[in-house]
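Undergrad: From first to last, the protein sequence lines stand for chains A and B.
Under our numbering, the first sequence is numbered contiguously, ending at residue 703.
Under our numbering, the second sequence is numbered contiguously, ending at residue 1406.
Here a beta-carbon is modelled for each residue, glycine too, at the ideal position from N, C-alpha and C.
2 protein chains.
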Amino acid sequence: MLRSLLYPSSVAVMGASRTPGKVGNAVLANLVEGGFEGEIIPVNPHGGELMGLKIYASLEEYGKPIDMSVIAVPTTKVKDAVLSSLKAKAKTVVIITAGFKEVDEAGARLESEIAELCRRHGARLVGPNSLGVINTHHKLNAAFASHMPKAGGISILSQSGALCSAILDWAASRKVGIATLLSMGNKADLSETDFLAAFQCDEDTKVVAGYLESINNGDEFIRVAESLATTKPIVILKGGTTIEGSKAASSHTGALAGADTAYEAAFKRAGIIRADTFESLFDIATAFAMQPLPKGNRVAIITNAGGPGTMAADAVARAGMRMAEIDPQISQALSAKLPAAARVGNPIDVLEDASPARYALAMEAIQTDPGVDALIVILTPQAMTKAPETARAIAESVQANKPVLAAFMGGDEIYLGRQELALANLPNYPSPERAAAALKAMLDYTAWRLQPPRVVARFPVNRRLIKSIISRQLRLERTYLGEVRAKEILRACDFVVPDGRLVSTVEEAIEVGSQLGYPLAMKIVSPDIIHKSDVGGVKLGLNTRREVADSFELMMVRVARMAPQAFLEGVYLERMVPKGREVILGMTRDPQFGPMLMFGLGGVFVDIMQDVTFHLAPITSAEAMGMLVGTRSFRLLEGFRGEEGVDITVIAEALQRISQLVTDFPQIAELDINPFMVGGPGEKPVVVDARIKLAPGGKPWPA
Amino acid sequence: MLRSLLYPSSVAVMGASRTPGKVGNAVLANLVEGGFEGEIIPVNPHGGELMGLKIYASLEEYGKPIDMSVIAVPTTKVKDAVLSSLKAKAKTVVIITAGFKEVDEAGARLESEIAELCRRHGARLVGPNSLGVINTHHKLNAAFASHMPKAGGISILSQSGALCSAILDWAASRKVGIATLLSMGNKADLSETDFLAAFQCDEDTKVVAGYLESINNGDEFIRVAESLATTKPIVILKGGTTIEGSKAASSHTGALAGADTAYEAAFKRAGIIRADTFESLFDIATAFAMQPLPKGNRVAIITNAGGPGTMAADAVARAGMRMAEIDPQISQALSAKLPAAARVGNPIDVLEDASPARYALAMEAIQTDPGVDALIVILTPQAMTKAPETARAIAESVQANKPVLAAFMGGDEIYLGRQELALANLPNYPSPERAAAALKAMLDYTAWRLQPPRVVARFPVNRRLIKSIISRQLRLERTYLGEVRAKEILRACDFVVPDGRLVSTVEEAIEVGSQLGYPLAMKIVSPDIIHKSDVGGVKLGLNTRREVADSFELMMVRVARMAPQAFLEGVYLERMVPKGREVILGMTRDPQFGPMLMFGLGGVFVDIMQDVTFHLAPITSAEAMGMLVGTRSFRLLEGFRGEEGVDITVIAEALQRISQLVTDFPQIAELDINPFMVGGPGEKPVVVDARIKLAPGGKPWPA
């Protein structure tokens, strides 16, 4: 589909200019100097000749169909250039010119107009405000950048053009190879999702490194990214993470979800490795591009100095990896070949005067150890150190079945050594900590890939009943469903809800109370009252007819005083629930990524410690378990210091049921079950309180 | 005191060699090429001449007293070289030769012998196994390193010689200036504490950057570091942080203190900035060396590209700093001078075609804004970018009253620009995140410096009583003090302890019970039983004579069955404490840094959430408050969702009282008050349970 984007056979440069420094000049020069083997068609009304190519006054003059059109004319002339490109059957239009959506409303309108034009002609649009497109493996440099990077396995996706320049400059100086570079610009048509899909089929792309500030379509993004991640690692730096999201959430769950929670959940679900910093983005991408995945977390460290070895061991432990125990036979054999002072434990210290050959000896021995999953090789520049030769020796001794990451520490003296490493496809870092962090990312990705296939269970529910409740509320334009209706919906999902009835007079309360049996809870029911306790609208532990009568009358007085405007539907009487462990289950719907489930232990664990986990719905059984285990307070569920544990499988199942409910009914915007009372093994958990919010303006029923 | 270390007038090189690559050759060459202006005395039995200097066969031949002796002879000859240096009145001996404590027992013995020799002669010893000593401001390069670094404000202290080489190489390539470099080697005599003290008086040292794996004397280290930190920032990377500490702790507090807790507490107390990685060590040190301290946390960002500006804003927010709001008048005036598309909000985007002059305009305007405390200036290499010229323009526009940190992103194209920045004393980083992290460290240090002077309160206590209890227990060789004696000690410190008595028969229990008044708690007392509940040794809420009698007899039966070997002192009966908020106060004594106080909320907050804070004793009132506020669960103490808050000042005072107790009585090795029951304002908190462990083998009373 996007073949003409990465492998065009002909490229027109609209606005090809003979003035150095101008975009149209630079792009043409890049195409020519990059050695593009297809046809290059420079277009400029002035005609003439440039860089050995005839300049056409127009595409009409050229007369043949073109594959890709790169547009570098002034903003006001972009639309015309696009039109003539489309007439010439361009399949991909790349607009480098800026001055559209990013500037003002008029720019935004012009941008959508152009996008619509392209769509109507069946052409795809990159940009506007893009730095362009590079595919080193096709010798295509259709970008306003200074260099054609070396060919390699990293494909870059960026929402910032400036960053592309910095990345290309960095890659050139570090001798790191790039497969493709796609500068997305304003994403008027093609966006991250399309490019990720394109990478799936691009054999030269081994890993994707992306900088994103926004995502156009959350669901689609997750689907495509997840599919790509099963074969190629995706590393993304998300910009704008700390900008406060909209805080209109009325539910507990909504309030606890930060602006970044949904991105975190989406990336986790899709198997995307998230980079925290600009440097870690490429630290990680380079490791993936150059080395095989680790099979386990046991790391061996080879170093020519103690201090940096210690730093590396610290970093390994802090990242949750393990220092490998070297096989005694292997370490003995190695020891015999090394100077007496060398240490063959882990870290393996080959001493400050280590020659390239000595590094090679250690490398060869350690790689054969089945107890070692990955190697970090450290070099500091000592008096006898030959960095470039050592780099070559290390590279030559790599057996390519386990990842090897190098940390060469210093400045000018190790500079050439680092370049040798990169040229030999060994990822190298200026510190052991960064090598360890990159290795950890590889390990996390490996774990994600090894997960069993995701199977989402389906539970039988009374869909018709749920549908009718929701429809009715929406017809009445009620978006807030209080306890009574929320419980009806949950009961229809097979949740256990205590016996209860809505009553409206004291006589009815006494009568219903004695039918339900004691002890009883009594709660006010009003669409206008969300925090019932705050207005005296909750009374627990009622044991007699008299207590029921007294509480009813007192509640009426207090609620009338504290919430005089509230419309009262009545009072809800229900059987008290036996004491168990209180947990909270919730859902909030992210505008980008859809329903996000939440789990936490109740009370202080949520209110004070904010000890909750999130996961995007729909959720599998293993993922639901992961949400439980992921809380810091999980040990309390298992049972602790003699307290009995609770049945965690029923909580996981409840999360799956909610997952199904909110996936099936997109009208549900937010949901809280708080508390959800969980007993010991064999006991069914009970929904003690619940509320649901429907999407305002939601349709009673989708067609 | 250490003047002869940093400013020697003459330096002998023992083992000066004419063989290139040998240590004695390299050190002599470094001294000569470094331009040392004092006398250089090469010593080698073969005599002759080298690098224009006469080689003496021995120091006797030289005949005059020397200031410093650098020893680079083989290990077996080191002792003789030291002896003749001492005879020549050397005040500082620097042993570069390795093969001592780091190798084997024999080496360790030889090392102490040599250290003792030096001590007897009043000379100070650096090393052995040191890379040597550099003081650029004295043109002294008495080290086995490849370069003489550029003179600057950073003094380096390292427990790893190899790291020194990497640092010097890094500094040279980055054009970062070094004041002194001290490679500590095995620290047989001079250690981090001595060197920190030396830096105090060294005017050229603006900031200290250190790599430490161990600390020789914790108390002394804190004292010296704290004193130095009041005038000069100290940044330390601690290696070996994740190695498991000894886990013999029997107390709650001891078990919760990780291997690294004491270092964390010590660094915090001393005002030391802790670096997490090798790179951050120098990121931070460079910022301190080159820029003034920020007066607040409002950061302005100037950038030539949107993406990196967003990254920087993210990093600023994540670090807990604020994006400055630019004064509208200033931004309007600036806007008038910049192209229309430029953005003058914050980040200030001077656009991709920004000239050096445009950066200077923005720099000048923003620095005048009183609402801006610090600047981060970002450059990405675009087509028109002139990195070196821009670097110079930025440097020239710096007004030096606010810190300015630069982030130049890319590779070769910004390389010269970064060098220009460094030469102009502007700290520069390869990413905005690292600039922001360095700025945050500056801010933290500023906050530490602005703290009011530490005043530790003294409370009147019954010292005589405490002394007699401890003495008696130590005479009896009892190191574990159970509830009864621990409470006696705490009562002597004016803690409120419930009324209670030790009883030994059921009749006595009934009698004492009715005297104390109900409700009562009953607990077994035995030096052999630490977890009383586990053996049925605790019964709460006894309200009648009969309940007292029943409980007593049942407890005797159960304890006898479950702990048949235990020696029983009796049963402790005490008045029940009214319900309040349970907290835990504790102390564990770190072998290096002494008493560490702990605070946490009781129950699950400690057991499950490990939500505790530590602080080294003695503690001030503000520090005690800081321990409370530092817990995640602090909001619960303040009162939350209608629950009443507790009196936090009494908890802070209790921590100070414990601080005084454990500082005055070093025999106390561990202490737990768990729970400490705290009521509302005006109520005195009560020690519900407590235990104390004395140091095994502690003397009954120090002389």
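1) Which of the three DSSP states, helix, strand or coil, is assigned to residue 326 of chain A?
2) May I have the straight-line CA-CA distance separating residue 706 of chain B from residue 901 of chain B, to the nearest angstrom?
3) Suppose you measure from the CA of residue 1365 of chain B to the CA of residue 1206 of chain B; what does that come to, to the nearest Å?
4) Evaluate the contact criterion for the region 267–281 of chain A versus the region 218–227 of chain A: three or more CB pairs, one atom per stretch, below 8 Å.
5) In chain B, what lies closer than 7 Å to residue 211 of chain A by C-beta?
6) Which whole-angstrom value is the C-beta distance of residue 842 of chain B and residue 737 of chain B, which I expect to be below 8 Å?
7) I want to see whether chain B comes within less than 8 Å of residue 640 of chain A, judged by CB atoms only; does it?
8) For residue 178 of chain A, which option in A:49, A:188, A:190, A:164 has the closest C-alpha, if you only look at C-alpha atoms?
9) Does the separation of the CB atoms of residue 408 of chain A and residue 425 of chain A fall below 8 Å?
10) Based on DSSP bridge pairs, tell me the residues matched to residue 744 of chain B.
11) To the nearest angstrom, how far is the alpha carbon of residue 340 of chain A from that of residue 369 of chain A?
12) Please go through the region 109–137 of chain A and give each complete beta strand (DSSP E) segment of 3 or more residues, from N-terminal end onward.
13) On the DSSP bridge list, what partners appear for residue 1298 of chain B?
14) Using DSSP bridges, identify the partner residues of residue 571 of chain A.
15) Which parts of the region 763–819 of chain B are runs of the beta strand (DSSP E), unbroken and 3 residues or longer, counting only runs that do not cross its ends?
16) Can you pull the chain B residues whose beta carbon is under 8 Å from the beta carbon of residue 304 of chain A, in chain order?
17) Excluding the five sequence neighbours on either side, which residues of its own chain have a C-beta within less than 8 Å of the C-beta of residue 544 of chain A, listed in chain order?
18) At the level of alpha carbons, what is the spacing between residue 1065 of chain B and residue 875 of chain B?
19) Exposed or buried, residue 567 of chain A, counting other C-beta atoms within 10 Å across all chains shown (16 or more means buried)?
20) Is the number of C-beta pairs between the region 1052–1066 of chain B and the region 1021–1032 of chain B that are closer than 8 Å three or more?
21) Measure the alpha-carbon distance for residue 31 of chain A versus residue 143 of chain A and round it to whole angstroms.
22) Give me the DSSP bridge partner(s) of residue 993 of chain B.
23) Is the region 1266–1285 of chain B touching the region 1379–1399 of chain B in the sense that three or more CB pairs, one from each, lie closer than 8 Å?
24) Please specify which runs of the beta strand (DSSP E), each continuous and at least 3 residues long, are wholly inside the region 431–509 of chain A, giving them in chain order.
25) So with CB distances below 7 Å, who are the chain A contacts of residue 806 of chain B?
26) Which same chain residues end up closer than 6 Å to residue 158 of chain A when comparing Cβ atoms and leaving out the 5 residues on each side of it in sequence?
27) Can you give me, in chain order, the residues of the region 603–631 of chain A that have a beta carbon less than 9 Å from any beta carbon in chain B?
28) Please confirm whether residue 873 of chain B has its beta-carbon closer than 8 Å to some beta-carbon of chain A.
29) Am I right that residue 1004 of chain B and residue 936 of chain B are in contact with their C-beta atoms under 8 Å? What's the rounded C-beta distance?
30) Quick check: is the beta carbon of residue 1122 of chain B nearer than 8 Å to any beta carbon in chain A?
31) Quick one: list the residues of chain A neighbouring residue 1394 of chain B, beta-carbon separation under 9 Å, in chain order.
32) Pairing CB atoms from the region 483–498 of chain A with CB atoms from the region 681–691 of chain A, are three or more of them under 8 Å?
33) Compare the Cα-Cα distances from residue 782 of chain B to each of B:1314, B:802, B:767 and report the closest residue.
34) Once you ignore the five residues that flank residue 1069 of chain B on each side, which residues in its own chain have a CB closer than 8 Å to its CB?
35) Which residues, in order along the region 789–817 of chain B, keep a beta-carbon less than 9 Å from a beta-carbon of chain A?
36) Identify every run of the beta strand (DSSP E) within the region 273–317 of chain A, keeping only runs that are complete inside it and at least 3 residues long; order them along the chain.
TA: Reading it off the structure:
1) coil
2) 8 Å
3) 30 Å
4) yes
5) 1010
6) 5 Å
7) yes
8) A:164
9) no
10) B:715
11) 21 Å
12) 124–126, 132–135
13) B:1292
14) A:503, A:524
15) 771–774, 795–798
16) 865
17) 518
18) 31 Å
19) exposed
20) no
21) 8 Å
22) Its beta-bridge partners do not exist; DSSP assigns none.
23) yes
24) 500–503
25) 341
26) 164, 183, 211
27) 604, 605, 607, 608, 609, 610, 611
28) yes
29) No, residue 1004 of chain B and residue 936 of chain B are not in contact; Cβ-Cβ is about 24 Å, not under 8 Å.
30) no
31) Under the 9 Å cutoff, chain A gives no residues; its nearest Cβ is about 17 Å from residue 1394 of chain B.
32) yes
33) B:802
34) 1003, 1005, 1029, 1033, 1037, 1051, 1075, 1078
35) 801, 802, 805, 806
36) 273–275, 298–303
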